Amino acid sequence: MTQSPENSPQKPDEEAIKYVLISAREHDVKFIRLWFTDILGTLKGFAITIDELEGVMQNGASFDGASIEGLTRADESDMVAMPDPSTFQVLPWRPSTDAVARMFCDIETPLRAPSVADGRQVLRRNLVRAADMGFTFYVSPEIEYYYDTGEPDERARIDRSSYFDQTSVDGVGADLRRDTVLTLEKMGIPVKHSHHEVGFDQHEIDLRHTNALTMADSIITFKVIAKELAAAEGALATFMPRPFGDRHGSGMHTHMSLFNGDDNAFFDADDELNLSDTGRHFIAGLMRHAADICVVTNQWVNSYKRLLPGLEAPIFASWTTGNFGYLIRIPSYRPGREESIRLEYRAPDSAANPYLLFSVLLAAGLDGIENKLPLPEPLDNDVFQMSDSELSEHGVARLPRTLDEAIHLAEKS
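Residue numbers (my numbering): 165 to 577.
Following this line, the structure appears as structure tokens:
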């Protein structure tokens with residue numbers, strides 16, 4: 165089932181409840197995991213039995229939020245997880261007999277008011293804002309991550325392959341990645357492609373574009389799948405921004421586009437770059453707010469060990485049509501594919517909360533559109549070799565160097 169992110173959460177209709185109950189019965193589901201995330205994007209949840217499912221879909225399931233990060237105020241101890249029936253999926257790595265399914269939940273108060281700390285509902289509100297402006301927000305992430313044995317001995321590495329290598333004879337990395345892709349697709353999450361990344365044991369799986377709310381749910385599911393399958397082989401899957409000081413960090417480069425109906429709002433056939441005024445204003449908004457939103461795009465102390473020169477990670481709020489070290493990149497297209505224009509935002513890492521990440525990226529871009537912010541010309545020279553005065557002349561700001569700096573910038577924004 166496909167979600168409708170433009171709509172605020174409503175009590176599920178009888179048809180939606182009926183669909184889930186029939187699906188659960190057909191798949192011999194006995195347990196349903198109710199999933200949600202805390203404010204940092206860490207997956208939380210609890211399980212109910214099949215006998216409780218219908219009532220929970222009608223009225224939600226109460227839980228104690230006092231120990232959940234972001235839900236720690238005294239008046240947040242009693243919270244309600246309201247399942248979204250469109251997210252019902254059987255977990256393929258669990259037994260097919262007495263099966264287990266999952267549903268993502270919106271977090272509400274007992275009076276059915278949305279929780280201000282629920283990233284899913286924060287994203288939903290921003291999608292409503294975009295819809296009110298006539299836009300649907302589509303995203304496609306490139307998710308990088310590492311496999312590890314947990315052993316300090318270098319000889320215990322999962323593999324010694326590097327970028328785009330097609331052999332992994334000394335480890336199980338390629339098989340784990342393959343099984344992750346197959347499991348994602350069993351759960352209705354389409355994969356664009358996958359490959360080995362630069363670092364030993366580092367892999368990337370790119371998810372095919374869809375609306376931002378569905379994608380955020382898919383990213384959380386992806387992380388669970390990767391970790392479950394790795395654990396079954398005695399390994400670990402980590403989405404830490406830079407777990408190894410001698411290897412590249414793990415980014416989550418995010419491709420974005422706005423659509424107005426069936427039309428790409430970023431496309432202009434008469435522009436040299438095929439980039440519309442809407443697209444230019446969107447990029448300008450991202451550049452204006454890039455430093456302020458680093459606290460969300462890069463929310464961990466370890467995140468800033470990745471944002472360093474020489475690691476194909478951005479350290480300046482700049483845009484270009486080519487260089488992979490810039491913050492924002494407009495990918496090139498084959499002739500006849502110009503209408504597929506999109507932008508790639510390269511700061512986020514794989515440990516970001518996807519709900520809040522997509523929220524701040526969309527909000528920043530919409531601010532640029534609403535205020536018709538001007539976009540500087542793209543930089544063709546190496547931004548890493550430019551002096552401070554040259555950076556200032558081109559309107560290029562430096563991104564925060566530490567989480568502490570990012571927090572202070574966000575507080576002042």
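Where is the CB? At the ideal position from N, CA and C, for every residue including glycine. Only a predicted model underlies this, so the values are computations on that prediction, with no experimental measurement involved.
Do the region 463 to 481 and the region 391 to 398 make contact, defined as three or more Cβ pairs closer than 8 Å? At 8 Å Cβ cutoff, the stretches do not touch.
Please classify residue 290 as buried or exposed, where buried requires at least 16 neighbouring CB atoms within 10 angstroms. Position 126 of the sequence shown, counted from the start, is the residue given in the question as residue 290. Around the beta carbon of residue 290, 16 or more other beta carbons sit within 10 angstroms, so the residue counts as buried.
Assign residue 407 to one of two classes, buried (16 or more other C-beta atoms within 10 Å of its C-beta) or exposed (fewer than that). Counting from one through the sequence shown, the residue named residue 407 turns up at place 243. Burial state of residue 407 is buried, judged by a 10 Å Cβ sphere holding 16 or more other Cβ atoms.
Kindly indicate which three-state DSSP category residue 475 falls into: helix, strand or coil? In the sequence shown, the residue the question calls residue 475 occupies position 311. It is coil, neither helix nor strand.
Just to confirm, are residue 268 and residue 243 a CB contact at a threshold of 8 Å? For this step, residue 268 is matched to residue 104 along the sequence shown. For this step, residue 243 is matched to residue 79 along the sequence shown. No, Cβ-Cβ distance for residue 268 and residue 243 is not below 8 Å.
Residue 390 to residue 401 span [Cα, whole Å]: By 1-based counting over the sequence shown, the position of residue 390 is 226. By 1-based counting over the sequence shown, the position of residue 401 is 237. Going by the C-alpha atoms only, they are around 6 Å apart.
Alpha carbon to alpha carbon, how far is residue 192 from residue 261? Give it in angstroms, no decimals. Here residue 261 refers to the residue found at position 97 of the sequence shown. Here residue 192 refers to the residue found at position 28 of the sequence shown. Cα-Cα distance, rounded: 6 Å.
Indicate whether the contact test is met: 3 or more Cβ pairs, each with one atom in the region 448 to 455 and one in the region 519 to 538, closer than 8 Å. Flag = yes, the region 448 to 455 and the region 519 to 538 touch.
Helix, strand or coil for residue 254 per DSSP? By 1-based counting over the sequence shown, the position of residue 254 is 90. In the structure shown, residue 254 sits in a strand (DSSP, three-state: E or B).
Does the distance from the CB of residue 218 to the CB of residue 185 come in under 8 Å? Against the sequence shown, residue 218 aligns to sequence position 54. Against the sequence shown, residue 185 aligns to sequence position 21. In contact: residue 218 and residue 185 (Cβ atoms closer than 8 Å).
Enumerate, from N- to C-terminal direction, the unbroken beta strand (DSSP E) stretches of 3 or more residues contained entirely within the region 501 to 563. The region 501 to 563 contains, as complete beta strand (DSSP E) runs of 3+ residues, the segments 507 to 509 (chain order).
Can you give the Cα-Cα distance for residue 502 and residue 423, rounded to whole angstroms? Looking up residue 502 in the sequence shown gives position 338. Looking up residue 423 in the sequence shown gives position 259. About 14 Å.
Excluding five sequence neighbours on each side, which residues of the same chain lie with their C-beta closer than 8 Å to the C-beta of residue 177? Working through the sequence shown from its first residue, we reach residue 177 at position 13. Counting only Cβ-Cβ distances below 8 Å, and skipping sequence neighbours, we find nothing.
Please look up how many angstroms separate the CB atoms of residue 518 and residue 369, rounded, as I've assumed it's under 8 Å. As a working note, residue 518 is residue 354 in the sequence shown. As a working note, residue 369 is residue 205 in the sequence shown. No, residue 518 and residue 369 are not in contact; Cβ-Cβ is about 14 Å, not under 8 Å.
Assuming residue 460 contacts residue 521 under a Cβ cut-off of 8 Å, what Cβ separation, rounded to an integer in Å, is found between them? Here residue 460 corresponds to residue number 296 of the sequence shown, with the count starting at 1. Here residue 521 corresponds to residue number 357 of the sequence shown, with the count starting at 1. That pair is a contact at about 6 Å.
Is the number of C-beta pairs between the region 293 to 303 and the region 335 to 343 that are closer than 8 Å three or more? In this structure the region 293 to 303 does not touch the region 335 to 343; the number of beta carbon pairs closer than 8 Å is below three.
Beta-carbon proximity list for residue 344, same chain, < 7 Å, skipping 5 on both sides: Stepping through the sequence shown from its first residue, residue 344 is reached at position 180. For residue 344, where only same-chain residues beyond five positions count, the Cβ hits under 7 Å are 369, 389, 390 and 393.
Determine which residues share a DSSP beta bridge with residue 402 and list them. Stepping through the sequence shown from its first residue, residue 402 is reached at position 238. Per DSSP, 310.
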